[in-house]
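The structure appears below as structure tokens.
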Amino acid sequence: MANIATQSQPEAIREDMLIEELGFDDHFHDHHHGDKYQSNFITTYIFSQDHKMIAKQFLITGMFWAVIGALMSLVFRLQLGFPEESLAWLKPVLGKWIEISADGTGVLSQDFYYALVTMHGTILVFFVLTAGLSGTFSNLLIPLQLGARDMASPLLNMMSYWFFFLAGAIMFASLFLSTGPFSGGWVAYPPLSALPQASQGSGAGMTLWTLSLVFFVVSVLLGGINYITTVLNMRTKGMSMWRMPLTIWAFFITAIIGLLSFPVLVSAFLLLMLDRGLGTSFFLSEIYIGGQALDHVGGSPILFQHLFWFLGHPEVYIIILPAMGIVSEVLSVHSRKPIFGYKAMVYSIMAIAFLSFIVWAHHMFMSGVNPFISNFFVIFTLIIAVPSAVKVFNWIATLYKGNIRFNASSLFAIGFVSMFISGGLTGIFLGNSALDIQLHDTYFVVAHFHIVMGVAAFFGMFAGIYNWFPKLYGRFMNDTLGKIHFWGTLVGAYAIFWPMHYLGMAGVPRRYYSFDAFQAFAHFDGMNQFITIGAIVTFAFQIIFIVNFFYSIWKGKEMTDRNPWKATTLEWTTPIERIHGNWPGKLPAVQRWAYDYGKDGKDFITQVEPIGPDEKEVH
Amino acid sequence: MEIAVAKEYRRNKIHPKKFALYVACASIVMMFAAFTSAYIVRQSAGNWLEFRMPTLFYVNTLVILLSSVTLHASYWGFKKGNPLLYKGLLVVTLLLGFAFLALQYEAWQSLVAIGIELTTNPSGSFVYVISGLHAAHILGGIGALIIALIHAFVLKYQVTEGRKLRFEMTLTYWHFVDLLWIYLLLFFTLQS
């Protein structure tokens, strides 16, 4: 202990000395010399077991799906905004789904409109905002920020990605079926999902949809088992739970929610498949379809809704919690202040996670559930506002009087807070079962969940990508383009979703192909056009991001300082080269919490720095 | 210079793989919790055919309980240096596992015999699905037992940390599917 490094040395050298002196020697590099995991192209880039490569795989796959999902939304927005315009120019891409009439105008097929809406929801909710967000950042940050060499089981981790890939491949294949992909909505309510003859997409499309999602659940479970085990068992010396960064807390709780809710979805799918294939009547009651009465007796479609939303509601927190964790971290780093109310943040994540399991029926107020039972769900739904408000307050308090660096990452984090407030407030309206009578299944709902979990989660993801891009690729993304991307997306997202609240309050129902038959909604034509143009412009801004992302991988500004943001967490004590095993020698020993910014006159103190003689540890 | 540094550190009080198995069991529990709560919800909706659970279900509970005992004894034999007990009881456990599956099949046949088929009524459908899915999990356990058996007969007998861990994981899972069946049977019995 005598020759502990002195304060005057350059910080990277000092950190290395501290790790060498105080760190934990697991003899990793004695066993992994000339690593077998990264010996050739296939084990490095394809079937990689390195958590950093798997994070990149999740990210790029997620981006691929985000583009597909967004393009789908543009097609159905064109239909909604400009129903009179000819879509014949889309014929080369969409083929028979554009129906050309005698005078040469092309119309989007009604069946395919529903397929597009369904696929847009499924892809964005599961493939992009679950796998792309949680998969990327949990994989990247859990081992790095906890001081672990890798995940608890690198093999399961690799399988988690490849099950996700398989799920994606099956879903992608279903887009090219002659009957089209599944078209019964991403919630897959029976009977549209249970009867192959119910609609075009209910046949082969639904079969592939279910198969794909079952593989997806396997992927989530394998990933989740790994995340939880790693967080609980692989923390480095000194990394107590209360010293973990909020990112890790968020990923950890997210994984627990996923692990407890996704199996329920599998149960629902299994019963659905039996109804489809073997003639059971779990969800199907007496039905008369296509001129014939079916044999099914006494099933309950509401039962499926219960099972689905028991997953479905926790799922929205699976999407938003990782984004919240990322935002907490990014806001603290870039405002050079400790996160305000660290423990309150953790407890509110836990409270949100707990409440997420007992509010599912607020999606079902209009399904005929007992209004007295609804009261129970109203109360618990509204209670979620409390931990959510705690978090918002803490984010704003973290920014307050901060020495804020306005870069793409912190702007997106601040934008997240804005989105979360706007979307969260409308949640209070929708959580009331009485108000829901008017608002249920209208564009108000569409606006609410797109802002609060769609756009907000994307903002968290962007904040994370801009912030940790150097850790992923050793280079920086262009910050000016990033800021342009931010402002375009912020204004664009509000331009798309804000007007939808007015549509919804007027009762315009969601998922409708056309409103020609409703004279009352005719005066919304202009608003619908505005929303569609907003969507196209916002998509154009995302192209800037994609170009910036891929350009920066190869040509971005190179990282010279291994801790460019002057952050305290462990991932910035690893070498720029991003080696397998993360640290070249010993594992770092953690001496303090993750948010010592501006303490005792120092800009920041990394987690490996021991608590000094006159210093008190922050809890 | 007084500096507070992290001193005591013992990694992995429980092996991460074993812990991962516990977590996986929790998610399996959730899947069956979904089925049993769906059962309750559907039952309260009416149009529900009441019938007695096949007696074989109860007999079979003894079979699976016995197999848990034999596997645990085999594990003791393994740890305490008794290869004969270890190998012998492993074989017995595997046979009991197969017997359980066969008897479950017989139980389903007896249900069919009293006119409860898969599609007759949701009450029967649930019993088939829940016990069928449980049998699938038993099948997974049998897979693990077969691997354990191959290890026992092919590898030279020695107690290493790695082999102990593997055996303990097999044992944990087997006890888990055993307890799961007891829960399910109690549920069926109390609900009807």
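Those protein sequences? They're chains Z and F, same order as listed.
All residue numbers for the first sequence refer to this note's numbering, where the first residue is -11 and numbers rise by one.
All residue numbers for the second sequence refer to this note's numbering, where the first residue is 44 and numbers rise by one.
We put the beta carbon where it would ideally sit given N, CA and C, even for glycine.
Query	Result
Can you pull the DSSP bridge partners for Z:R463?	Z:E546
Rounded to whole angstroms, what is the Cα-Cα separation between Z:N455 and Z:V318?	7 Å
Under a Cβ-count criterion, where at least 16 other Cβ atoms within 10 Å of its own Cβ denotes burial, should Z:S502 be classed as buried or exposed?	exposed
Could you check whether Z:F368 and Z:I346 sit closer than 7 Å to each other, using their CB atoms as the reference points?	yes
Please list, in chain order, the residues of the stretch 70 to 99 of chain F that have any C-beta partner in chain Z closer than 9 Å.	S70, I71, V72, M73, M74, F75, A76, A77, F78, S80, A81, V84, R85, A88, G89, N90, W91
Classify F:Y171: buried if its beta carbon has 16 or more other beta carbons within 10 angstroms, exposed otherwise.	buried
Give the C-beta separation of F:A116 and F:L132 to the nearest angstrom, bearing in mind that I take them to be a contact with Cβ-Cβ under 8 Å.	5 Å
Assign Z:G189 to one of three DSSP states: helix, strand, or coil.	helix
Look at Z:I337 and Z:I236 and say whether their C-beta atoms are less than 7 Å apart.	no
Relative to the C-alpha of Z:P375, which candidate in Z:M312, Z:F400, Z:M352 has its C-alpha closest?	Z:M312
Please identify, using Cβ separations under 8 Å, the residues of the stretch 244 to 263 of chain Z that lie next to chain F, in order along the chain.	L247, L248, S249, F250, P251, V252, V254, S255, A256, L258, L259, L262
Would you verify that the beta carbon of F:F219 is, or is not, closer than 7 Å to some beta carbon of chain Z?	no
Label F:S235 either buried or exposed according to how many other C-beta atoms from any shown protein chain fall within 10 Å of its C-beta, with 16 as the threshold for buried.	exposed
Step through the CB atoms of chain Z and report whether any lies within less than 7 Å of the CB of F:S168.	yes
Does the beta-carbon distance from F:A187 to F:T215 come in below 7 Å?	no
Could one say the Cβ of F:F215 lies closer than 7 Å to chain Z's Cβ atoms, at least one of them?	Note on identity: in this sequence residue 215 of chain F is Thr, with Phe being the wrong assignment. No, F:T215 does not count as interfacial toward chain Z.
Is any beta-carbon of chain Z found at less than 7 Å from that of F:T36?	Within the shown structure, residues of chain F are numbered from 44 to 235, placing residue 36 of chain F beyond reach of any answer.
Since Z:A528 and Z:K471 should fall inside the 8 Å C-beta cutoff, what is the C-beta to C-beta distance between them, to a whole number of angstroms?	Z:A528 to Z:K471, Cβ: 16 Å. No contact.
Out of Z:P289, Z:H39, Z:W348, which has the shortest C-alpha to C-alpha gap to Z:Y215?	Z:H39
Does the Cβ-Cβ distance between Z:A385 and Z:F328 come in under 7 Å?	yes
Using beta carbons (cut-off 7 Å, strictly below), is F:F239 in contact with chain Z?	Residue 239 of chain F is absent from the structure shown; chain F starts at 44 and stops at 235.
Ends of the beta strand (DSSP E) at Z:V252?	Element bounds for Z:V252: not the beta strand (DSSP E) but the alpha helix (DSSP H), 234 to 265.
Could you tell me which residues DSSP puts in a beta bridge with Z:K587?	Z:K590
Of the residues Z:I567, Z:G246, Z:F271, Z:L248, which one's Cα is nearest the Cα of Z:L258?	Z:F271
Three or more C-beta pairs under 8 Å: does that hold for the stretch 219 to 235 of chain Z against the stretch 128 to 142 of chain Z?	yes
Answer with buried or exposed for F:V66, where buried requires no fewer than 16 other C-beta atoms within 10 angstroms of its C-beta.	buried
What's the C-alpha gap between F:L64 and Z:Q517?	53 Å
Where does Z:G94 sit, in a helix, a strand or coil, going by DSSP?	strand
Could you check whether Z:S74 and Z:T49 sit closer than 7 Å to each other, using their CB atoms as the reference points?	no
According to DSSP, is Z:I111 part of a helix, a strand, or is it coil?	helix
Just to confirm before moving on: does the CB-CB distance between Z:D429 and Z:P497 stay below 7 Å?	yes
For chain F, find out if any of its Cβ atoms is closer than 7 Å to the Cβ of Z:L309; answer yes or no.	no
At which residue ranges does the stretch 365 to 399 of chain Z contain complete alpha helix (DSSP H) runs of 4 or more residues, listed in the order of the chain?	373 to 387
Take Z:G211 as the anchor and find which of Z:N363, Z:T198, Z:F239, Z:A192 has the nearest alpha-carbon.	Z:F239
Below 7 Å on C-beta distance, what does Z:F16 contact in chain F?	By Cβ distance, chain F contributes nothing, its closest Cβ being about 12 Å from Z:F16, past 7 Å.
Please list, in chain order, all residues of the same chain as Z:Y583 whose beta carbon is under 6 Å from its beta carbon, the five residues on each side excluded.	S320, P326, I327
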